[in-house]
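Numbering (our numbering), first residue to last: 40 to 183.
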């Protein structure tokens, strides 16, 4: 098995052949998933606009709230997919230039992607726990 060589020089990056091949093979999938995410983000914006235009008169403030929520989620999805897309482009730049700075930028985009996904996950779990607590509190005071 090939060893990974670490080098602390600024523009000199040394990766094993296996690491380079794995990065090259995952790069198209990263770009595909990010583009698919952009498409889904666009569909969410269209759905939000459709709710604002079509349903807002019938459902009033509920439709407006849902539309704003859709737009906020679409904005969040945009940033998640942008980091992923920039990661794929950073890898491509590195493979074309062999400049370690390009790889640094790519890995920084990957770090930002996972940080944002982690924050979203923590907030989501927190909202689930809060919802469970609220349901339990309402159930405790509900007349049976």
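Where a beta carbon is used, it is the ideal one built from N, C-alpha and C, also for glycine.
- Linking residue 114 to residue 72 through their CA atoms gives a straight-line distance of about 17 Å.
- Secondary structure at residue 181: coil, using DSSP grouped into helix, strand and coil.
- Distance from the CA of residue 128 to the CA of residue 60, rounded to the nearest whole angstrom, comes to 16 Å.
- Cα atoms of residue 104 and residue 170: separation of roughly 18 Å, rounded to the nearest angstrom.
- Annotation: residue 182 to residue 172 spans about 18 Å, alpha carbon to alpha carbon.
- The residues 73, in chain order, have a CB closer than 6 Å to that of residue 124 in the same chain once the five nearest residues on each side in sequence are set aside.
- Between residue 176 and residue 167, the alpha-carbon positions lie close to 14 Å from each other.
- In its chain, beyond the 5 residues on either side, 122 have a beta carbon closer than 7 Å to the beta carbon of residue 151.
- In the structure shown, the three-state DSSP call for residue 138 is coil.
- Nearest neighbour of residue 147 by Cα position, chosen from 137, 136, 138, 126, turns out to be 126.
- Judged by their CB atoms, residue 134 and residue 77 are not nearer to each other than the 9 Å cut-off.
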